[in-house]
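In this text, residue positions in the sequence shown follow my numbering: the first is 294, and each later residue adds one.
Glycine is no exception: its CB is placed at the ideal position from the N, C-alpha and C atoms.
So the structure is just underneath, and the comments pick up after that.
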Amino acid sequence: MAKYLVIVESPAKVKTVKKFLGANYEVAASNGHVRDLPKSQLGIDVEHDFEPKYITIRGKGELLAGLRKSAKKADKVYLATDPDREGEAISWHLSKALKLDDSKMRRITFNEITKNAVKASIKSARDIDMNLVDEQQARRCLDRMVGYEISPLLWKKIKRGLSAGRVQSVALRIIGDREDEINEFIPQEYWSLDGQFHIPGKKKELTAHFYGKNKKKINIESKEELDDILKELSDVSFQVSEVKKGERIKKAPLPFTTSTLQQEAAKVLNFSTSKTMRIAQQLYEGVDTKGGLITYLRTDSTRISAEASQIAKEYINEQYGREYTSDVASTENKNKKAQDAHEAIRPTDITRLPAMIKESLSRDQFRLYQLIWKRYTASRMHPAIYLTHSIKITGGDYLFTVSASELKFDGFMSVYTQDEDQKKSDNLLLSSIEQGTDLKLKKFIPEQHFTQPPAHYTEASLVRTLEELGIGRPSTYAPTITTILSRRYVTKEKKNLYMTELGEVVNSMMKKAFSTIVDVNFTANMEALLDKVGDGSVEWKTVVRNFWPDLKESVDRAEEQLERVVIADEVTDVICDKCGRNMVIKYGPHGKFLACPGFPECRNTKPYLEKIGVKCPKCGGEIILKKTKKGRRYYGCEHNPDCDFMTWQKPSNVKCPKCGGYMLEKGNKLVCANEQCGYVTQKPKEENDVDTRS
294 MAKYLVIVES PAKVKTVKKF LGANYEVAAS NGHVRDLPKS QLGIDVEHDF EPKYITIRGK
354 GELLAGLRKS AKKADKVYLA TDPDREGEAI SWHLSKALKL DDSKMRRITF NEITKNAVKA
414 SIKSARDIDM NLVDEQQARR CLDRMVGYEI SPLLWKKIKR GLSAGRVQSV ALRIIGDRED
474 EINEFIPQEY WSLDGQFHIP GKKKELTAHF YGKNKKKINI ESKEELDDIL KELSDVSFQV
534 SEVKKGERIK KAPLPFTTST LQQEAAKVLN FSTSKTMRIA QQLYEGVDTK GGLITYLRTD
594 STRISAEASQ IAKEYINEQY GREYTSDVAS TENKNKKAQD AHEAIRPTDI TRLPAMIKES
654 LSRDQFRLYQ LIWKRYTASR MHPAIYLTHS IKITGGDYLF TVSASELKFD GFMSVYTQDE
714 DQKKSDNLLL SSIEQGTDLK LKKFIPEQHF TQPPAHYTEA SLVRTLEELG IGRPSTYAPT
774 ITTILSRRYV TKEKKNLYMT ELGEVVNSMM KKAFSTIVDV NFTANMEALL DKVGDGSVEW
834 KTVVRNFWPD LKESVDRAEE QLERVVIADE VTDVICDKCG RNMVIKYGPH GKFLACPGFP
894 ECRNTKPYLE KIGVKCPKCG GEIILKKTKK GRRYYGCEHN PDCDFMTWQK PSNVKCPKCG
954 GYMLEKGNKL VCANEQCGYV TQKPKEENDV DTRS
């Protein structure tokens with residue numbers, strides 16, 4: 294009998310695939326990549342047309358020796374690494390490392406680890422797709438060039454252990470730009486005005502919202518404007534001038550892509566992007582030998598195969614009824630940059646209900662599988678239908694509006710609902726009001742508001758932004774975020790991402806010296822160009838040849854022109870209370886601290902309290918630049934905890950001329966800390982000209 298060898302990536306797949314294929318197949322795992330560029334050098338021969346120098350990854354020698362033996366005995370070798378660009382490259386590296394003969398070697402892929410999919414892959418075995426391999430090589434070489442050329446410069450100019458990356462540096466810039474927006478944001482006052490009306494014959498009162506005058510929308514921007522409106526409304530009568538009834542359709546959600554799964558898992562399950570991908574990988578590989586529970590997890594497509602869609606339709610017909618089954622499932626993908634290489638993420642078997650397999654899953658595996666199952670099932674279902682009512686109330690020339698909706702048919706929401714679907718409405722009250730009804734005003738409810746700054750990025754919103762901008766690909770979102778967090782360029786508090794002092798320094802240097810590398814449009818265009826390598830329309834070395842000279846020129850220029858950022862070993866007047874030396878400022882993973890220069894004989898350390906030259910508005914003590922445990926900067930009083938003064942924005946010694954309160958620095962402006970006051974002025978010129986950051 295013929296003997297076949299199948300090589301998969303993960304050891305977790307070995308038993309399952311072996312069971313599906315039978316006794317004539319031996320199944321082994323490569324444990325990921327087996328060859329890579331050397332860590333000790335650039336590994337790309339720039340003098341000889343950028344030829345990469347691949348070596349066996351340390352620790353993989355014995356594994357490869359075992360695979361070579363098995364390959365020699367086999368009549369045919371099937372390379373079954375993951376069905377993506379990276380998996381294609383691993384198969385190619387395996388073919389080189391094992392010196393496989395082309396006639397003996399075939400490439401197979403399966404988007405799900407099920408018996409049918411694995412057996413079908415053998416029947417449709419193919420050659421290695423060198424376009425995908427070349428795309429991976431191009432990405433690897435560009436990433437290596439950026440990392441190995443710029444990172445040593447960061448070590449020299451800032452501190453050792455830092456790193457730059459083609460995608461990570463752009464992600465850092467995006468976070469930094471948002472931080473700048475937030476820090477420079479000046480709140481604007483506005484008012485809302487509600488009217489509470491009595492409806493004849495009803496106990497419950499109706500609250501309507503101010504819209505405008507003479508059918509034109511008006512935004513109330515000050516107390517003076519509000520008072521003028523209230524004055525004009527003081528003696529008018531109110532009447533229902535228009536009643537509209539209708540229906541609104543809420544479409545079923547699209548099935549998950551990598552990006553939307555990460556976003557929804559963050560929102561609903563509070564998972565980080567890396568945790569979502571780790572658990573999804575476990576579900577894909579299968580938690581037992583019955584096979585994988587979900588399809589491949591790295592995808593930017595919302596497409597579902599015709600076969601899977603038909604099975605889902607039959608299941609929904611049977612379990613929920615014909616009226617719940619959508620004839621045209623929602624499959625449009627708004628992401629124009631999607632490669633559509635794989636189906637959306639879905640259960641491999643829709644009849645495998647989460648409750649049925651709960652006992653064989655961990656709590657987190659169950660919760661993520663349930664989320665995927667519900668989303669996919671909902672995507673094949675009929676839209677929800679709402680009855681809508683909207684009413685316009687006229688008082689003189691002014692208009693108030695109120696609207697509500699009532700669920701008429703739950704459709705997909707019988708399976709999958711989101712937070713916004715849970716809101717209760719006053720539709721019952723509105724449905725009984727007719728046009729021409731006279732209303733009696735009970736009272737006006739004015740309320741002052743202030744515009745809010747943009748929200749800090751969370752992991753989920755950063756992933757959404759990266760996807761919208763075309764930066765990175767499904768496989769890179771989680772590693773990119775993990776890297777900037779582990780390097781301590783960014784810290785995470787209550788889901789929000791904040792730039793650390795170290796991140797600010799690195800980002801500032803990257804923007805100054807490598808503006809192209811961290812340019813959003815350049816990076817997005819480069820991603821699109823690399824995708825063209827994958828579809829065979831651009832030669833991979835052309836991309837690398839064009840990229841290298843500009844990068845090299847930027848590095849050489851930065852080497853000469855950039856000054857070293859001194860962030861460590863500054864001598865202070867603080868005396869070490871153990872040995873009497875003047876302590877110095879050191880820079881650790883969490884920022885600056887005081888250390889004795891007598892190390893290792895004297896290991897004394899103290900917190901570094903950096904005064905900013907501003908007096909505390911509460912007690913007159915010195916304001917000190919501080920950091921949270923995770924590295925986020927803030928300003929507090931030296932007398933804490935006796936004085937509880939604290940602010941995220943840098944305070945100024947300038948007093949507000951309008952209310953006498955303290956002012957905050959926001960970009961090149963000073964803003965009164967009291968929002969009710971709202972005084973804003975230009976920062977004094979000397980403060981504008983000097984960068985007072987540490």
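Practice prompt. Please report the residue range of the beta strand (DSSP E) in which LEU957 lies.
Written response: Numbered from 1 along the sequence shown, position 664 holds the residue referred to as residue 957. Where LEU957 is concerned, the enclosing beta strand (DSSP E) stretches over 955 to 959.
Item to complete: Answer with buried or exposed for ALA558, where buried requires no fewer than 16 other C-beta atoms within 10 angstroms of its C-beta.
Response: Residue numbering aside, residue 558 sits at position 265 when the sequence shown is read from its first letter. When all chains shown are included, ALA558 counts as buried.
Discussion item. I'd like to know if the stretch 733 to 742 and the stretch 536 to 544 are in contact, where contact means that at least 3 CB-CB pairs between them fall below 8 Å.
Written reply: no
Item to complete: Could you say which of LYS311, LYS450, LEU391 lies nearest to LYS366 if we only look at CA atoms?
Response: For the purposes of this step, residue 366 is taken as residue 73 along the sequence shown, with counting starting at 1. It is LEU391 whose Cα lies nearest to the Cα of LYS366.
Item to complete: Keeping to the same chain, check which residues put their C-beta closer than 6 Å to that of CYS895; ignore five residues upstream and five downstream.
Response: For the purposes of this step, residue 895 is identified with residue 602 of the sequence shown, where counting begins at 1. Within the same chain, CYS895 has close Cβ partners LYS871, CYS872, CYS889.
Practice prompt. Please classify LYS629: is it buried, with 16 or more other beta-carbons within 10 angstroms of its beta-carbon, or exposed?
Written response: Residue 629 sits at position 336 when you count from the first residue of the sequence shown. Annotation note: pLDDT 49 at LYS629 (below 50); position unreliable, coordinate value reported separately. By the neighbour-count rule (16 or more Cβ atoms within 10 Å), LYS629 is not buried but exposed.
Practice prompt. Tell me LYS785's beta-bridge partners as DSSP assigns them.
Written response: As a first step, residue 785 must be located in the sequence shown, where it is residue number 492. DSSP lists LEU790 as partners of LYS785.
Worksheet item: Do the stretch 747 to 754 and the stretch 502 to 519 touch if we need at least three Cβ pairs shorter than 8 Å?
Response: no
Worksheet item: Should LEU298 and VAL327 be called a contact, given that it needs their Cβ atoms to be closer than 8 Å?
Response: By one-based count along the sequence shown, residue 298 stands at place 5. By one-based count along the sequence shown, residue 327 stands at place 34. Taking 8 Å as the Cβ cut-off, LEU298 and VAL327 do not qualify as a contacting pair.
Discussion item. Less than 6 Å between C-beta atoms, sequence neighbours within five positions excluded: which residues of the same chain meet that for ASN269?
Written reply: Residue 269 lies beyond the residue range present for the chain, which begins at 294 and ends at 987; the question has no answer from this structure.
Worksheet item: Span of the alpha helix (DSSP H) holding ASP268?
Response: The shown model of the chain, from 294 to 987, leaves out residue 268, and the question about it has no answer.
Item to complete: Locate the beta strand (DSSP E) running through VAL301, then write down its first and last residues.
Response: Taking the first residue of the sequence shown as 1, we reach residue 301 at position 8. 297 to 301 is the span of the beta strand (DSSP E), which, as asked, contains VAL301.
Worksheet entry | Residue from LYS332, LYS369, ALA817 whose Cα sits closest to the Cα of ARG351 | Here residue 351 corresponds to residue number 58 of the sequence shown, with the count starting at 1. The option with the nearest alpha carbon to ARG351 is LYS332.
Worksheet item: Does DSSP put VAL310 in a helix, in a strand, or in coil?
Response: Here residue 310 is taken as the residue at index 17 of the sequence shown, counted from 1. Helix.
Fill in: GLY688 vs SER485 beta-carbon contact at 8 Å
By 1-based counting over the sequence shown, the position of residue 688 is 395. By 1-based counting over the sequence shown, the position of residue 485 is 192. No, the pair does not count as a contact, with Cβ atoms beyond the cut-off.
Worksheet item: Are PRO345 and GLN430 touching if we call contact CB-CB under 8 Å?
Response: In the sequence shown, counting from the first residue as 1, residue 345 sits at position 52. In the sequence shown, counting from the first residue as 1, residue 430 sits at position 137. Against a cut-off of 8 Å, the Cβ pair of GLN430 and PRO345 comes out as a contact.
Discussion item. Considering just the uninterrupted stretch of the beta strand (DSSP E) at GLU319, what are its terminal residues?
Written reply: Within the sequence shown, the letter at position 26 stands for residue 319. Segment 318 to 322, the beta strand (DSSP E) holding GLU319.
Worksheet item: To the nearest whole angstrom, what separates the beta carbons of PRO910 and PHE938, a pair I think is in contact under 8 Å?
Response: Sequence index remark: in the sequence shown, residue 910 carries index 617 (1-based). Sequence index remark: in the sequence shown, residue 938 carries index 645 (1-based). Confirmed, Cβ separation roughly 7 Å.
Worksheet item: According to the Cβ coordinates, are ALA589 and ASN404 closer than 8 Å?
Response: Start at 1 with the first residue of the sequence shown, and residue 589 comes out as number 296. Start at 1 with the first residue of the sequence shown, and residue 404 comes out as number 111. Before going further, note that residue 589 is Tyr rather than Ala in the sequence given. Yes. Within cutoff.
Item to complete: Starting from ASN946, trace the beta strand (DSSP E) both ways and give me its first and last residue.
Response: Taking the sequence shown and counting its residues from 1, one reaches residue 946 at position 653. Element bounds for ASN946: 944 to 948.
Practice prompt. Compare the C-alpha of ILE777 against each of LYS412, ARG466, HIS341 and name the closest.
Written response: The residue given as residue 777 occupies position 484 in the sequence shown. Minimum Cα distance to ILE777 is reached at ARG466.
Worksheet item: Among residues of its own chain, excluding the 5 on either side of TRP941, which ones have a beta-carbon nearer than 6 Å to its beta-carbon?
Response: Position 648 of the sequence shown, counted from the start, is the residue given in the question as residue 941. Only TYR927 meet the Cβ criterion.
Worksheet item: Is ASN967 helix, strand or coil when you go by DSSP?
Response: On the sequence shown, position 674 is the one that residue 967 refers to. The answer is coil: DSSP assigns ASN967 none of H, G, I, E or B.
Fill in: Where TRP448 falls, given that 16 or more other Cβ within 10 Å makes a residue buried
Along the sequence shown, one-based indexing puts residue 448 at 155. Looking at its Cβ environment, which holds fewer than 16 other Cβ atoms inside 10 Å, TRP448 is exposed.
Worksheet entry | Alpha-carbon spacing of SER598 relative to ALA373, whole angstroms | To locate residue 598, count along the sequence shown from 1; it is residue 305. To locate residue 373, count along the sequence shown from 1; it is residue 80. Taking the straight line from one Cα to the other gives about 21 Å.
Fill in: Exposure label - LYS651; buried when at least 16 CB within 10 Å
Residue mapping note: residue 651 aligns to position 358 of the sequence shown, counting from 1. Result: exposed.
Discussion item. On the DSSP letters alone, give me the boundaries of the beta strand (DSSP E) that MET398 sits inside.
Written reply: Locating residue 398 in the sequence shown gives position 105, where the first residue counts as 1. Where MET398 is concerned, the enclosing beta strand (DSSP E) stretches over 398 to 400.
Fill in: Nearest candidate by alpha-carbon position, reference ASP436, set SER444, SER417, GLY458
Within the sequence shown, the letter at position 143 stands for residue 436. Among SER444, SER417, GLY458, the Cα nearest to that of ASP436 belongs to GLY458.
Worksheet item: LYS951 by DSSP, collapsed to three states: which one?
Response: To locate residue 951, count along the sequence shown from 1; it is residue 658. Of the three classes helix, strand and coil, the one that applies to LYS951 here is coil, per DSSP.
Worksheet item: Between PHE313 and SER417, what straight-line distance do the alpha-carbon atoms span, to the nearest angstrom?
Response: Within the sequence shown, the letter at position 20 stands for residue 313. Within the sequence shown, the letter at position 124 stands for residue 417. Those two C-alpha atoms are separated by around 16 Å.
Worksheet item: What do you get for ASP338, buried or exposed, if any count of 16 or more other CB atoms within 10 angstroms of its CB means buried?
Response: Residue mapping note: residue 338 aligns to position 45 of the sequence shown, counting from 1. Classification for ASP338: exposed.
Practice prompt. Decide if SER527 is buried, meaning its Cβ has at least 16 other Cβ atoms within 10 Å, or exposed.
Written response: Working through the sequence shown from its first residue, we reach residue 527 at position 234. SER527 should be labelled exposed.
Worksheet item: Mapping DSSP to helix, strand and coil, what is LYS976?
Response: As a working note, residue 976 is residue 683 in the sequence shown. DSSP places LYS976 in coil when its eight states are reduced to three.
Practice prompt. Please determine, among TYR782, GLY765, ALA851, the residue with the shortest C-alpha to C-alpha distance to ALA806.
Written response: Residue 806 sits at position 513 when you count from the first residue of the sequence shown. That would be ALA851, whose Cα lies nearest to the Cα of ALA806.
Practice prompt. Ignore the nearest five residues each way along the sequence and tell me which others in ARG615's own chain have a CB closer than 7 Å to its CB.
Written response: Within the sequence shown, numbered from 1, the residue matching residue 615 stands at position 322. Nothing meets the Cβ criterion.
Worksheet item: Given 8 Å as the limit, is there contact between the stretch 675 to 683 and the stretch 488 to 501, that is, 3 or more CB pairs closer than that?
Response: no
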